[in-house]
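Novice: For reference, the structure I am asking about is given below.
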Amino acid sequence: MTRLLVTGGAGFIGSNFVHHVIAHTEHQVTVLDKLTYAGNRASLAGLPDDRVTFVQGDIADAALVDELTSRADAVVHYAAESHNDNSLHDPRPFLDTNIVGTYTLLEAARRHDVRFHHISTDEVYGDLELDDPQRFTETTPYSPSSPYSSTKAGSDLLVRAWVRSFGVRATISNCSNNYGPYQHVEKFIPRQITNVIRGIRPKLYGAGENVRDWIHADDHSSAVMAILDRGTIGETYLIGADGEKNNRQVVEQILELMDQPQDAYEHVTDRAGHDLRYAIDSTKLRTELGWMPQYGDFTRGLAATIDWYRAHEDWWAPSKDATEAFYAGKGQ
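Position 40 of the sequence shown, counted from 1, bears residue number 40 in UniProt numbering, the numbering being contiguous throughout.
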């Protein structure tokens with residue numbers, strides 16, 4: 001039986017992964033999470049106590065990380081500061097968590113010879129022109145554009161260096177934009193869904209032409225499991241579900257699925273340095289590891305996500321008012 005240490009396992013993508021592991025394997029899971037504003041203990045509610053252990057702590061705490069890693073067979077590293085707007089406001093936490101935290105985990109994995117998988121983002125590659133026929137691949141040069149994406153790029157390079165220099169048994173995955181349950185209401189899709197539930201008009205940055213390649217968090221989780229089980233040490237795998245949509249299309253689809261007029265939204269001040277387009281080519285993952293997304297239809301995944309937020313207002317309501325007040329202060 002495999003013992004997994006999942007960092008950031010009370011965050012959005014990490015908690016979805018923990019739920020996926022419990023539903024589809026017999027693994028034991030220890031979650032290490034600092035419980036910043038983006039982590040929520042309630043995201044792990046209902047999971048069996050005999051299989052999931054929660055530890056509140058910082059991935060930059062070397063002694064704690066060493067102790068937990070010594071008892072694990074594999075580390076799955078989701079923990080990250082990940083919001084672009086926040087990185088523009090205060091970059092320092094992104095350095096502390098994404099760079100120093102990743103270094104601390106890699107050193108522990110090195111000492112204890114523990115399998116390591118590093119979760120990263122497609123934003124390390126920069127952005128594409130809206131009419132560019134190309135997609136990101138594993139060989140696309142890095143070109144990050146924000147403190148968030150640059151620190152994630154740095155953490156990827158640390159992992160590659162520890163594989164080559166020290167023989168750490170690590171893999172990397174870079175994923176496109178996730179959506180699904182347990183995502184903080186500051187993020188684009190849950191913010192618009194919860195606005196409609198509250199009777200507030202959704203907000204659209206600029207003209208809404210920025211394109212993202214959306215993937216349901218369940219599909220991200222199954223891809224990570226495939227990499228853990230069958231991935232080649234030292235390799236990078238891009239995870240995507242061919243879900244390219246521009247932000248205007250997403251808002252209009254949310255409104256349509258929630259029985260609102262498709263034009264019932266407001267344009268707000270665009271984000272500084274807002275990347276134009278991300279697009280993932282996940283051919284390597286699909287051909288080498290045999291992975292396929294279950295939510296190939298974005299509309300079906302979005303409808304399921306809307307249903308989840310409607311049914312779990314107790315989960316997102318406590319942070320909604322503060323989030324909207326913050327954005328109102330920025331004219332967004």
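Cβ atoms here follow ideal geometry from the backbone N, Cα and C, with glycine treated the same way.
How about S173 and I119: do their beta carbons lie closer than 8 Å?
Specialist: yes
Novice: Quick check on R271: does DSSP put it in helix, strand or coil?
Specialist: Three-state result, R271: coil.
Novice: Can you give the beta carbon distance from V168 to Y78, rounded, assuming they're within the 8 Å contact cut?
Specialist: Between Y78 and V168 the Cβ distance is about 18 Å, and since that is not below 8 Å, they are no contact.
Novice: Return the chain-ordered list of same chain residues with a C-beta closer than 7 Å to the C-beta of T140, the five sequence neighbours on each side being excluded.
Specialist: Apart from sequence neighbours up to five positions away, the residues of its chain that approach T140 with a beta-carbon distance below 7 Å are Y125, ordered along the chain.
Novice: Does the beta-carbon of S165 have 16 or more other beta-carbons within 10 angstroms, so that it is buried, or is it exposed?
Specialist: exposed
Novice: Please name the residue, chosen from G57, R111 and H24, that lies closest to L10 on a Cα-to-Cα basis.
Specialist: The sequence given here places Ala at residue 10; Leu does not occur at that position. The candidate whose alpha carbon is nearest that of A10 is G57.
Novice: Are the beta-carbon atoms of A170 and F116 separated by less than 8 Å?
Specialist: If you check the CB distance, A170 and F116 come in under 8 Å.
Novice: What does the alpha-carbon distance come out to for the pair A108 and F17?
Specialist: Between A108 and F17, the alpha-carbon positions lie close to 22 Å from each other.
Novice: Can you tell which of N247, D132 and A226 has its C-alpha closest to the C-alpha of K187?
Specialist: N247
Novice: Identify, in the order they occur along the chain, each residue of the same chain with its Cβ nearer than 6 Å to the Cβ of F73, setting aside the five sequence neighbours on each side.
Specialist: The identity of residue 73 in the sequence shown is Asp, whereas the question assumes Phe. Correct list, in chain order: T2 and R3.
Novice: When you compare the CB positions of L88 and P147, do they come within less than 8 Å of one another, or not?
Specialist: yes
Novice: Can you tell me where the alpha helix (DSSP H) with F136 in it begins and where it stops?
Specialist: Where F136 is concerned, there is no enclosing alpha helix (DSSP H), given that its DSSP letter is neither H nor E.
Novice: In this structure, does DSSP put L4 in helix, strand or coil?
Specialist: strand
Novice: Report the three-state DSSP secondary structure of T194 (helix, strand or coil).
Specialist: helix
Novice: Secondary structure at D96, three-state DSSP: helix, strand or coil?
Specialist: DSSP places D96 in helix when its eight states are reduced to three.
Novice: Taking M292 as the reference, which of T283, E266 and T299 has the closest Cα?
Specialist: T283
Novice: Looking at the unbroken alpha helix (DSSP H) that takes in H112, where does it start and where does it end?
Specialist: T102 to H112
Novice: Let me know the beta strand (DSSP E) ranges lying completely inside the stretch 16-93, each 3 residues or longer, listed in chain order.
Specialist: 28-33, 52-56 and 74-77
Novice: Assuming T194 and Y327 form a contact by the criterion Cβ under 8 Å, report the distance between their Cβ atoms to the nearest whole angstrom.
Specialist: Incorrect: roughly 12 Å between the Cβ atoms, too far for contact.
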